[in-house]
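Okay, structure first, notes after.
This is the structure:
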């Protein structure tokens, strides 16, 4: 298992995993598979994101296979630059239960502590996703609210718990 920051050379592998996460866990992500496959030049878009100096995507690799990802994004407005958000945490089903998610979160948290000025991280989790919620709590995130009916998928509503980690 190897955790490393992704760069443009990983865009195709990331895109393939992104499509998998949207199909495998549609209620866990704001984006949808149906929207994603209609995007023009998705590899180009991913490449641009992977070059953004305010966004850092970690990948976990097993024998050349991208098994999971997490993205850390610093807030852009001057008054909010003390904050960053964690997005797109996902581990492929074949690699779950191997500590991948914890290693990805540890990498994102460690990097956030190295970036000058970041004081807190935020993350949201669908309240029914107990394994993800447990991971975030074990990493030190604290709940501070719930957004009722935050997402709607196939006529079902999903609440999201809002969590913060003060560094």
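Numbering (my numbering), first residue to last: 186 to 352.
All C-beta atoms, glycine included, are put in the ideal place defined by N, C-alpha and C.
Please read these numbers as outputs of a predicted model, since none were measured by experiment.
Beta-carbon proximity of residue i to residue j, cut-off 8 Å
i           : j           : result
residue 212 : residue 343 : yes
residue 128 : residue 250 : Nothing can be reported for residue 128, as the shown portion of the chain is limited to 186 through 352.
residue 247 : residue 191 : no
residue 310 : residue 329 : no
residue 206 : residue 245 : no
Spatially closest choice to residue i from the options, by CA coordinates
i           : options            : result
residue 227 : 248, 198, 238, 327 : 198
residue 332 : 269, 312, 245, 265 : 312
residue 297 : 269, 231, 186      : 269
residue 231 : 294, 196, 337      : 196
Inter-residue spacing [alpha-carbon to alpha-carbon] between residue i and residue j
i           : j           : result
residue 319 : residue 286 : 11 Å
residue 241 : residue 315 : 25 Å
residue 208 : residue 218 : 6 Å
residue 224 : residue 200 : 11 Å
residue 339 : residue 271 : 26 Å
residue 257 : residue 221 : 20 Å
residue 280 : residue 203 : 15 Å
residue 276 : residue 306 : 20 Å
residue 321 : residue 239 : 22 Å
residue 267 : residue 274 : 21 Å
residue 215 : residue 323 : 24 Å
Any chain B beta carbon closer than 8 Å to residue i
i           : result
residue 262 : No chain B appears in the structure shown, which is made up of a single protein chain.
Whole-angstrom C-beta distance between residue j and residue i, which should lie under 8 Å
i           : j           : result
residue 253 : residue 289 : 6 Å
residue 352 : residue 304 : 6 Å
residue 188 : residue 317 : No, residue 188 and residue 317 are not in contact; Cβ-Cβ is about 18 Å, not under 8 Å.
Outcome for residue i when other beta-carbon atoms lying within 10 angstroms are tallied against a minimum of 16
i           : result
residue 308 : buried
residue 299 : exposed
residue 334 : exposed
residue 345 : buried
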